[in-house]
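As you go down the protein sequences, you meet chains A and B in turn.
When the letters of the first sequence are read in order and numbered with the UniProt record's numbering, they come out as residues 1 to 324.
When the letters of the second sequence are read in order and numbered with the UniProt record's numbering, they come out as residues 1 to 283.
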Amino acid sequence: MTVVELPWAAASPRPPDEDLVLDVRDLRMRYGAVDVLRGVDLTARRGEVVALLGPNGAGKTTTIEILEGFRLPSAGTVRVLGTDPARGDERWRARLGVVLQSWRDHGKWRVRELLAHLGDFYAPYATDRIPRPWPVDELLETVGLSAHAGSRVARLSGGQRRRLDVAVGIVGRPELLFLDEPTVGFDPAARREFHELVHRLADLDETTIVLTTHDLAEAEKLADRILILAGGRIIAEGSPDQLARRVAGDAEVRWARDGERYVHATADATAFLRDLLREHGDRIRELEVRRASLEDAYLALVHEEETGIRTGRAERVWQQEANR
Amino acid sequence: MNPTTNALRAGLRRGAIELRATFTNGQDLWTYFFPTVVLLIAVFWMRGSTVPGTDFSLGARTLPSALGMGLLFGGLLGLANQLVIDREDGTLLRAKAIPDGMLGYLVGKIVLVSAVALIGVVIQLTPGLFFLDGLRLGDPGAWLTLAWVVPLGLVATLPLGAVIGSLVENPRNMGLVVMPIFGLIALSGIFYPINGLPGWLQGVAQVFPLYWLGLGMRSALLPGDLAAVELGGSWRHLETVGVLGAWAVLGLVLAPVVLRRMARRESGSRVAARRERAMQRVG
């Protein structure tokens with residue numbers, strides 16, 4: 001398989017950067033004879049929202065678990081809040097927030113009781129800049145669980161339970177928050193509220209957020225930057241808009257003329273339309289111009305990675321990246 | 001505040017909260033009272049029989065022995081079960097994700113499991129007083145003995161429970177732990193004196209803590225002259241402290257190592273894999 005050289009990664013080491021919350025170079029993970037991660041590079045700055053996308057088995061969870069300090073990598077340099085997670089102490093741990101996938105834990109506890117208890121552990125780690133923990137009533141209000149403060153955890157609905165998971169993740173006012181599939185089981189209203197919360201955390205509190213999701217629309221809405229992980233490597237990286245444009249620079253133009261339908265792919269849709277209309281004028285009907293969506297980009301990239309067939313579109317990503 | 005002190009306090013609160021939760025939960029209450037009910041019925045029917053060689057009620061001898069067994073069940077199986085369940089439902093991972101969370105978790109569990117074991121002793125002892133004669137509960141000496149036998153029993157059994165709970169990954173395999181304990185009950189003279197057993201079997205029984213837990217509780221609650229029908233003709237307090245102490249030391253040395261190893265390996269994907277297996281069992 002072709003190894004794509006990331007031009008900027010080969011350059012001299014970057015200078016130490018206070019704002020670099022996450023700095024991962026050449027991360028590798030091998031289980032037995034299977035390489036799960038094959039040289040992952042990723043960074044995140046303070047207040048940045050980074051989405052990790054990828055098919056099942058791409059190594060998203062493994063990556064996150066290494067960053068959380070729950071799993072030791074086979075090789076590579078990992079710096080999370082300036083510390084190697086393998087050596088992270090409790091002070092380091094207090095600056096992280098982890099929203100795990102939803103389990104059935106603490107079912108007999110009441111919602112307020114659980115948040116107050118877990119918050120207690122963070123009190124000694126408060127700083128002048130960051131008061132810890134988040135006051136429980138305020139936190140309940142923030143995640144929309146005030147009405148259920150006295151409910152037993154086991155009696156919450158799936159969406160409420162997920163909000164509690166998020167509340168548990170942020171009760172310590174983390175500087176870096178990991179969200180693993182955060183909105184599974186949310187109804188549209190809860191989803192929107194959650195998105196507002198993520199924006200609030202990132203913008204007001206400068207929380208850096210790393211989230212994994214299968215929901216491309218969600219990644220598009222939330223993320224400043226999207227990383228696509230497939231086959232154990234980051235195969236593409238950029239803002240949602242950049243990704244969509246770079247991967248499929250061609251727009252698709254559809255129209256009907258004299259009862260027949262036409263489709264044409266073009267890099268310059270505006271010029272093509274000008275010519276088309278000049279030539280056929282009023283005979284053009286049902287004109288439609290479609291830009292590649294993030295979903296198209298994602299599917300194209302993952303398909304290329306998985307099949308090893310390069311249609312040339314992914315190559316373009318790297319070239320543009322190099323010229324940036 | 002010092003983070004460790006803070007976590008210890010949070011752990012105590014955790015224990016208190018879980019204790020309250022468990023005693024307001026019908027299903028849990030049933031689990032606590034069921035063995036008591038069975039035991040009390042057994043003791044009640046034994047009331048007419050006597051300990052061989054004496055005219056002392058066999059039922060009255062069985063009750064303290066069973067209290068010793070309750071300490072083993074409560075301390076060892078109680079903690080092991082909690083660890084296995086909390087690993088499967090993600091409680092432990094939750095604790096791992098917060099600062100000093102594992103310390104708080106462990107303190108909370110020890111408080112919970114010890115309290116449940118102690119409450120179990122009281123639940124079994126109280127009704128027994130009404131229809132069993134000969135237990136010397138009015139004697140301060142009895143309480144003095146209880147005051148060291150019970151804590152020592154818990155210190156000997158809780159760390160073993162932590163070790164077993166860390167090693168058993170699948171809740172179903174807890175059966176593999178329970179079976180040998182049932183065998184041990186028959187050997188250890190809980191329901192009937194073992195003076196009649198071959199010497200080597202008596203020797204095997206005396207290696208394990210259960211025999212000594214039963215003996216210790218009998219020494220506290222039975223009249224002094226019943227020591228004559230025990231092995232060696234005495235309550236053997238020194239040996240009780242020796243054997244239970246040895247198990248306590250062994251457990252306290254092993255438990256931190258095994259617990260740390262277990263906690264280190266805990267991650268979201270392991271919990272997910274376990275849940276997957278649990279689903280397959282149910283489905």
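Cβ atoms here follow ideal geometry from the backbone N, Cα and C, with glycine treated the same way.
Listed along chain A is no residue with a C-beta nearer than 8 Å to that of residue 188 of chain B; the closest approach is about 34 Å.
Residue 29 of chain A carries a strand assignment under DSSP once its states are collapsed to helix, strand and coil. 8 Å or more divides the Cβ of residue 251 of chain B from the Cβ of residue 147 of chain B. 8 Å or more divides the Cβ of residue 97 of chain A from the Cβ of residue 206 of chain A. By alpha-carbon distance to residue 216 of chain B, the top candidate from B/53, B/56, B/69 and B/128 is B/69. Here residue 234 of chain A has 40 and 227 as same chain residues with Cβ atoms under 6 Å from its own Cβ, once five neighbours each way along the sequence are excluded.
As the crow flies, the alpha-carbon of residue 124 of chain A is around 29 Å from that of residue 79 of chain B. In the three-state scheme derived from DSSP, where H, G and I count as helix and E and B as strand, residue 68 of chain A is classed as coil.
Residue 178 of chain A: member of the beta strand (DSSP E) spanning 176-180, first to last residue. Restricting attention to A/257, A/150 and A/211, the CA atom closest to the CA of residue 64 of chain A is found in A/211.
For residue 78 of chain B, no chain A residue has a C-beta closer than 8 Å to its own C-beta; the minimum C-beta separation is roughly 16 Å. At a C-beta separation below 7 Å, residue 111 of chain B has no neighbours in chain A, since its nearest C-beta there lies roughly 13 Å away.
Contact check for residue 180 of chain A and residue 242 of chain A: beta-carbon distance about 25 Å, past the 8 Å limit, so the pair fails to qualify. The criterion of a C-beta distance shorter than 8 Å is not satisfied by residue 54 of chain A and residue 216 of chain A. Contact residues of the region 102-122 of chain A toward chain B are 103, 104, 105, 106, 108, 109, 113, 117, 118, 120, 121 and 122 (C-beta to C-beta distance below 7 Å). Relative to residue 153 of chain A, the option among B/29, B/91 and B/180 whose CA is nearest is B/91. Looking at the backbone, the Cα of residue 69 of chain A and that of residue 21 of chain A are separated by about 15 Å. CA-CA distance, residue 79 of chain A to residue 87 of chain A, rounds to 10 Å.
Going by beta carbons, residue 204 of chain B and residue 176 of chain B fall outside the 8 Å limit.
Take residue 224 of chain A, set aside five residues on each side of it, and the residues of its chain with a beta-carbon closer than 6 Å to its own are 48 and 49, in chain order.
For residue 35 of chain A, the uninterrupted beta strand (DSSP E) segment begins and ends at 34-45.
Shown here, residue 211 of chain A sits in a strand according to DSSP, grouped into three states. Here residue 246 of chain B is exposed: its Cβ has fewer than 16 other Cβ atoms, across all protein chains shown, within 10 Å. One thing to note: residue 95 of chain A has its Cβ within 8 Å of the Cβ of residue 176 of chain A.
Interface annotation for the region 172-187 of chain A against chain B: 172 and 180, criterion Cβ-Cβ distance under 8 Å. Excluding residues up to 5 positions away in sequence, 194, 195, 202 and 206 lie with their Cβ nearer than 8 Å to the Cβ of residue 231 of chain B in the same chain.
The contact set of residue 93 of chain B on chain A, defined by CB atoms closer than 7 Å, consists of 100 in chain order. For secondary structure counted as the alpha helix (DSSP H) over 4 or more consecutive residues, the region 235-287 of chain A holds these complete runs in sequence order: 240-247 and 269-280. Taking residue 30 of chain A as the centre and dropping the five residues before and after it, the same chain places the C-beta of 74 closer than 6 Å to its C-beta, in chain order. Boundaries of the beta strand (DSSP E) around residue 227 of chain A: 225-230. Scanning the region 85-130 of chain A for uninterrupted alpha helix (DSSP H) segments of 4 residues or longer gives 90-93 and 111-120, listed from N- to C-terminal end. By the neighbour-count definition (other C-beta atoms within 10 Å, threshold 16), residue 131 of chain B is an exposed residue. When only Cα atoms are considered, residue 199 of chain B and residue 52 of chain B end up about 18 Å apart. For residue 61 of chain A, the chain B residues whose C-beta falls within less than 7 Å of its own C-beta are 268 and 269, listed in chain order.
Within 8 Å of the CB of residue 25 of chain B, the CB atoms of chain A belong to 108, in sequence order along the chain.
Selection B/21, B/127, B/145 and B/59 evaluated against residue 108 of chain A yields B/21 as nearest (Cα-Cα).
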